[in-house]
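In the working numbering, the protein residues as written are 194 to 461. Glycine is no exception: its CB is placed at the ideal position from the N, C-alpha and C atoms. Fair warning: this is a prediction, and the values are worked out from it, not measured in the lab. Below: one structure, written as structure tokens.
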Amino acid sequence: MISPLAQVHPNAKISPNVKIDAFAVVEENVEIGEGSHIMSHAIIMDGARIGKDCKIFPGAVISAVPQDLKFVGEETLAIIGDHTTIRECVTINRGTVDKWKTVVGSHCLLMAYVHVAHDCIIGNHVILVNGVTLAGHITVDDYAIINGLTGVQQFIHIGAHSYIGGQSSIRKDVPPFVKAAREPLSYAGINKVGLVRRGFSKEALEEISNIYHILFIQGHTTSTALSVIKERIPDTPIRANIISFIENSKAGIIRRYIKESADEDITL
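Dropping the structure here:
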């Protein structure tokens, strides 16, 4: 399953049924899980840990050293979960002393020319569309979708089940379950289509909508909105998730686009 024209270090840990095509490069401190496919001209560098049944397309570079001037050669990792697809020319840098690793979860899709910088932590079932660029230290939670040609500033947190429109600049945290678009990036309603596809109930959708109506539509400050949410919305895991995200935000969260009419039903 390993082409004689591939360059694979003899100390690399290659599981059974891994396919490595001609002209791929696998360096010494690498582990590749069973059933994964490393295609021609992909480069898997020291520190890569690739899970089972992954597909790494031509031109991808996994676990190159960070583009961080503070990096001095410490041994760090780039970890890829199971069943993740990494398309052409994606670059994923390994971590620094901040987290010692960069992580891309399982069942993710990183489309062509995506860049994931050092110390990013990407959850499961995340989709990064062509040309998305993540700076260092970014967290992207499960099931988030970031559309093409979007740039994300360092240390940003993007919540679970969020949907971000293409060609966006993300400078503030994006809470879970929402759609975001425009410039500056703004709240554009809840991600109803995605949530329905993932089995959220009508009651859950109503709860999410009510919470974000208080937060974004009623004109409160963030701190006042949180107080109102805690007073009016029953305590549930969804409420707890949203409140925790906002209270722990270091960059501050996106706001609603300033407009006369409510824009919760915008189609992205």
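The residue from K212, V254 and I273 with its alpha-carbon nearest to that of R242 is I273. In the same chain as Y336, and ignoring 5 residues on each side of it, the C-beta atoms closer than 6 Å to its own belong to H318, A353 and H354, in chain order. L302 carries a strand assignment under DSSP once its states are collapsed to helix, strand and coil. Fully contained in the segment 260 to 330 are the following beta strand (DSSP E) runs of length 3 or more, in chain order: 270 to 273, 284 to 286 and 294 to 297. The segment 201 to 214 makes no contact with the segment 257 to 277: fewer than 3 CB pairs, one atom from each, lie closer than 8 Å. A distance below 9 Å separates the beta carbons of T295 and H311. When DSSP states are grouped into helix, strand and coil, V258 belongs to the coil group. For A397, no beta strand (DSSP E) encloses it; the enclosing alpha helix (DSSP H) starts and ends at K395 to Y405. Rounded to the nearest angstrom, the Cβ distance from D261 to G329 is 6 Å, consistent with a contact under 8 Å. Per the C-alpha coordinates, the member of I225, H230 and I363 positioned closest to A271 is I225. Bounds of any alpha helix (DSSP H) do not take in A205, whose DSSP letter is neither H nor E. Comparing alpha carbon positions, the residue from I236, S208 and Y306 closest to V219 is I236.
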